[in-house]
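Just so we're aligned, residue -14 is where the sequence shown starts under the numbering used here, counting upward by one. Backbone N, C-alpha and C define an ideal beta-carbon position, used for all residues, glycine too. Predicted, not measured: the structure shown is a model, and the values here were computed from it.
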Amino acid sequence: MQIGHRFSAEPCGLCDSTDREVLARRGRGHQPLTTALCRNCGLVSHHPLPSAAEIADFYAKEYRLAYKGGFEPKRKHSLRALRGAMSRASRLMPFLQGGARILDIGASSGEFVYVMARSGFDARGIEPNEAYADFARQSYGVAMQTGGFEQAAPEQASLDLVTMNHVLEHVADPWQALRRIHAWLAEDGALFLEVPNLSATRKQLGNIFHRAHIWNFTPETLLLLAWQCGFVAMEGEDTRHTSLILRKRRDGDIAPVGAGPEFAESLARQMAAEAQPMAYFASGRPFTRRWSRLRRNIGELLICRRYASVRDMADALLQSSPAPRLGVKHLDKTTPVGSLAG
């Protein structure tokens, strides 16, 4: 099927429409990958969708090697993850009481779990990649389960916060995932979601879509998905982005608007325009991205060389943080973090 081809597919999970349009035929690395747009709401996904078994096997064995180049994170990747974890922690702490029960799904190498446990919360993680889960336990001493989303089994209404940072786009069935999380959360619990924003992406089309991202969300489609699964954005959240803190729906909440045929048509036009190679180069992004990466890499190298271990690096960053609640618990290097949280 060629780009722009219209065809009929399985009913869309958001709107039940079968009307699709091909956006791309190749993904990152020029690998064959058909990506399709629902013409009725604007949801973008692989076609055909992979099975849950295929996804589970890929993430257990292949994903980290394919996308990170190794079976455990490089020191610079740990630094980036630590900085991101600290930023998320500062954003989420105003919604949490001391000792709050937290589950980080797709916890990677454990940095967010470590930051939250250091800050006095009962924080745990689940990570499908065996090597990364082992790295988290050995490097940070955190409570980390090895397994996919399906293996997570908290008690009903037992959690105060669930986080999925760049995870939802990877799961086989996001509707099932969010409905299960809804049941796990206490009535006043919160869900943190962050996914790539397709409508804000400025890359060559061949680098936008790739095997690992089954779903390609926009603010419009992410909010509609959340609504269908019983969530709305917390008051004050900027719903123009795909990084959101959500709460359970209540009587009187208003359903989100935006996803629909007009939005789908607009997104299709945007993707077609960005498919033109000259459009990407004219934006200046190839040059600004390279310069930014060079500066970042030099800075990361200087920081990473200062510390004997990633845990030493994490502790130093937490101790120097201006956020008053980050890293409030003193932990020595031999103590399992999960046993002290809460």
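{"Asked": "What is the DSSP secondary structure of G(-11), reduced to helix, strand or coil?", "Found": "coil"}
{"Asked": "If you drop the 5 nearest sequence neighbours on each side, which residues of the same chain put their C-beta closer than 6 Å to that of F80?", "Found": "A175"}
{"Asked": "Consult DSSP for I90 and reduce its assignment to one of helix, strand or coil.", "Found": "strand"}
{"Asked": "How would you call M(-14), buried or exposed, if buried means at least 16 neighbouring beta carbons within 10 angstroms?", "Found": "exposed"}
{"Asked": "Is it true that the segment 92 to 99 meets the segment 116 to 133, where meeting means three or more beta-carbon pairs spaced less than 8 Å apart?", "Found": "yes"}
{"Asked": "Do R60 and the ligand FAD come close, with the Cβ less than 8 Å from some heavy atom?", "Found": "The ligand FAD is not part of the structure shown, which contains no ligands of any sort."}
{"Asked": "Please go through the same chain and pick out, in chain order, the residues whose beta-carbon is closer than 7 Å to the beta-carbon of L183, but skip the five residues on each side of it.", "Found": "V29, N201, F202, T203"}
{"Asked": "Return the Cβ separation of A240 and W212 in integer angstroms, given the expectation that the two are a contact with Cβ distance under 8 Å.", "Found": "6 Å"}
{"Asked": "How big is the Cα-Cα spacing for M78 and R(-9)?", "Found": "46 Å"}
{"Asked": "Buried or exposed for G133, please, with buried defined as at least 16 other CB atoms from any protein chain shown within 10 angstroms of its CB.", "Found": "buried"}
{"Asked": "What residue does the alpha helix (DSSP H) around K61 start on, and which one ends it?", "Found": "60 to 77"}
{"Asked": "Could you check the C-alpha separation between K233 and L(-1) for me, to the nearest Å?", "Found": "19 Å"}
{"Asked": "Mind the definition here: the segment -1 to 16 touches the segment 25 to 42 only if three or more C-beta pairs lie below 8 Å; say whether that holds.", "Found": "yes"}
{"Asked": "Please classify F272: is it buried, with 16 or more other beta-carbons within 10 angstroms of its beta-carbon, or exposed?", "Found": "exposed"}
{"Asked": "Between the C-alpha atoms of R109 and A137, what's the straight-line distance to the nearest angstrom?", "Found": "11 Å"}
{"Asked": "Using CA coordinates, which residue listed in A37, Q304, A244 is at the minimum distance from A162?", "Found": "A37"}
{"Asked": "When the Cα atoms are used, what is the spatial distance from P309 to A74?", "Found": "11 Å"}
{"Asked": "Could you give the residue range of the beta strand (DSSP E) that holds F177?", "Found": "170 to 179"}
{"Asked": "The beta strand (DSSP E) spanning S2 covers which residue range?", "Found": "Segment: none, S2 is in no beta strand (DSSP E) and carries neither H nor E."}
{"Asked": "Considering only residues of the same chain and omitting the five flanking positions on each side of H195, which have a CB-CB separation below 8 Å?", "Found": "G12, R13, G14, Q16, L18"}
{"Asked": "Do you know how far the Cα of M256 is from the Cα of L303?", "Found": "41 Å"}
{"Asked": "Under a Cβ-count criterion, where at least 16 other Cβ atoms within 10 Å of its own Cβ denotes burial, should D297 be classed as buried or exposed?", "Found": "exposed"}
{"Asked": "Could you tell me if P58 is buried or exposed, where buried requires 16 or more neighbouring beta carbons within 10 angstroms of its beta carbon?", "Found": "buried"}
{"Asked": "Using the Cβ count rule (16 or more neighbours within 10 Å means buried), how would you classify W160?", "Found": "exposed"}
{"Asked": "Classify T319 as buried or exposed, calling it buried when 16 or more other Cβ atoms lie within 10 Å of its own Cβ.", "Found": "Caution is warranted here: a pLDDT of 47 is assigned to T319, below 50, making its placement in the model unreliable, and no coordinate value can be reported."}
{"Asked": "Are K244 and L279 touching if we call contact CB-CB under 9 Å?", "Found": "Reading off the sequence, residue 244 comes out as Ala, not Lys. In this structure, L279 does not lie closer than 9 Å to A244 by Cβ."}
{"Asked": "Go through its chain and collect everything with a Cβ distance to R65's Cβ below 6 Å, but skip five positions before and after it.", "Found": "none"}
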